[in-house]
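Notes to accompany the following structure.
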Amino acid sequence: MLDHLNNQRGIKLNKLKFNDDNTYVATSETVAVEKILALTPLCTQITTIKNIECMSDGEYVSFICKVVEIGSDESVLLNNGSKRIQKLKRTTVIADNTNSIIMNIWENHFDVIKKDVCYRIKLAKAKMFNNETTLTTTVHTTFETIEDIHIINISTTPQISTESAVIGTITSIGRVQETCKCPKCYSTDVECNGKTIKCTTCNSRSVYLTKSTTSEKLTLSILDTNQITLEFTVDISKLCELLERCGRQDLCNNDLVDHEDVLLTLSSITVFVHYNTRNMQINIIVLNNIDNK
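Heads up: the sequence shown runs through residues 1 to 293, numbered per the UniProt record's numbering.
Right, here's the structure in full:
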């Protein structure tokens, strides 16, 4: 059925299941046969970004646009039934000749979209939050490269700002503190003793599981050239690379927080840091020199 929808073909459905509420459900026995019809589903008809801004939350839309800007990878935790899963997304700015809009794309579409290229995009979903409309891709969204549409309007779209850089001195190193949450309902109204989690919201008790990812990261405080302290998270491997550049690779065999010489060594140098402004995760940290300025 989705294949027929994406290709704007009519279908005849056989063996649908009838429900008591006067609706039909497609089952594994349902058969879809192509049928010539003189109509096109609204969600696959090409519309404009100006029109999309007036649509309801959750509506599927199709349009042509030019990709103006693509942000960096951002890690997002999503609820999937009783589980939480981590996915990567990128925030993009797209535009046509009527207006521009923010569109979030997910990792399964990272390789099919490029900056300054025009596309015919089908079955993206409109999202409404705080009276602001954005778009998001779904598993049904398709991209078709088209010729340049030339004239675009990007006057009303905010610029993506997810990357920045700073020069400064490391002033402290610490361990990432895990937030204790109920694994069933994700409430923070819990009692945690390091072994189990008792949740007062859903009245449950769960085994406390330490996340392995936190053991691979540390917190870092950096005093920049304007005497402002910024707090980051950084991979331990990146700090070890920095210690090696300082000629102190021997310190990598120690606990980087407990060993005093680690902080004394790192605080004696000036570093250049490139980071994600959304989650303050350090992407690059190196000795500051003329090449990094």
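Glycine included, C-beta positions come from ideal geometry on N, C-alpha and C.
Give every residue of the same chain whose Cβ lies closer than 7 Å to the Cβ of residue i, excluding the five residues on either side of it in the sequence, and list them in chain order.
i: Thr-213; result: In this predicted model, Thr-213 has a pLDDT of only 44, less than 50, meaning its place in the structure is not dependable; the value taken from the coordinates is given anyway. Closer than 7 Å at the Cβ level, and outside the excluded window around Thr-213, lies no residue.
i: Tyr-24; result: Leu-16, Lys-17 and Phe-18
i: Ile-36; result: Gly-10
i: Leu-5; result: Pro-41 and Thr-44
i: Asp-235; result: Glu-216 and Lys-217
i: Tyr-275; result: Ser-164, Phe-232, Gln-281, Ile-282 and Asn-283
i: Asn-292; result: Any answer about Asn-292 is weak, because its pLDDT of 43 lies below 50 and its placement is not dependable; what the coordinates show is given next. Hits under 7 Å: Phe-272 and Val-286.
i: Ile-105; result: Lys-89, Arg-90, Thr-92, Ile-113 and Thr-137
i: His-259; result: Leu-251
i: Gly-81; result: none
i: Ile-269; result: Cys-246 and Leu-287
i: Lys-115; result: Val-67, Glu-69 and Ile-70
Tell me, which residues are paired with residue i by DSSP?
i: Phe-232; result: Leu-220
i: Arg-205; result: Lys-198
i: Cys-65; result: Tyr-119
i: Leu-239; result: Answer is none; Leu-239 lacks a bridge partner.
i: Val-271; result: Gly-168 and Leu-287
i: Ala-32; result: Leu-13
i: Ile-173; result: Leu-220
Helix, strand or coil for residue i, going by three-state DSSP, please let me know.
i: Arg-245; result: helix
i: Thr-133; result: strand
i: Cys-54; result: coil
i: Thr-188; result: coil
i: Cys-180; result: coil
i: Asn-279; result: coil
i: Ile-49; result: helix
i: Glu-147; result: coil
i: Leu-251; result: helix
i: Thr-142; result: strand
i: Glu-163; result: strand
i: Leu-37; result: coil
i: Val-25; result: strand
i: Glu-74; result: strand
i: Asn-6; result: helix
Tell me which residues share the same chain as residue i and place their Cβ nearer than 6 Å to its Cβ, disregarding the 5 neighbours each side in the sequence.
i: Ile-154; result: Val-68, Ala-95 and Ser-100
i: Val-33; result: Lys-12
i: Lys-125; result: Tyr-60, Thr-136 and Thr-138
i: Ile-49; result: Asp-96, Thr-98, Asn-99 and Ile-101
i: Asn-279; result: none
i: Ser-187; result: Cys-199 and Thr-201
i: Arg-120; result: Ile-64, Glu-144 and Ile-146
In its own chain, which residues sit with a C-beta less than 8 Å from the C-beta of residue i, not counting the 5 before and 5 after it?
i: Val-76; result: Gln-86, Lys-87, Leu-88 and Lys-89
i: Ile-151; result: Asn-97
Tell me the rounded alpha-carbon separation between residue i and residue j.
i: Phe-232; j: Leu-242; result: 16 Å
i: Cys-180; j: Ile-170; result: 28 Å
i: Thr-277; j: Thr-91; result: 13 Å
i: Asp-224; j: Val-166; result: 7 Å
i: Pro-183; j: Asn-108; result: 27 Å
i: Glu-191; j: Cys-199; result: 7 Å
i: Cys-65; j: Thr-30; result: 36 Å
i: Asn-136; j: Glu-147; result: The residue asked about is misnamed: residue 136 is Thr in this sequence, not Asn. Cα to Cα, Thr-136 sits roughly 23 Å from Glu-147.
i: Phe-110; j: Thr-142; result: 12 Å
i: Gly-174; j: Leu-251; result: 16 Å
i: Asp-57; j: Ser-221; result: 40 Å
i: Asp-20; j: Lys-195; result: 48 Å
i: Glu-144; j: Ser-62; result: 11 Å
i: Thr-133; j: Asn-79; result: 22 Å
i: Ile-149; j: Glu-244; result: 50 Å
i: Ser-28; j: Met-1; result: 12 Å
i: Leu-256; j: Cys-118; result: 48 Å
i: Val-262; j: Gly-168; result: 17 Å
i: Gln-8; j: Glu-53; result: 24 Å
i: Ser-206; j: Asp-189; result: 13 Å
i: Ser-267; j: Gln-177; result: 22 Å
i: Leu-239; j: Leu-209; result: 26 Å
i: Leu-123; j: Thr-47; result: 11 Å
Checklist entry - Taking only runs of the beta strand (DSSP E) that begin and end inside the region 83–130, which ones reach a length of at least 3 residues, in chain order? => result 83–95, 100–106 and 118–129
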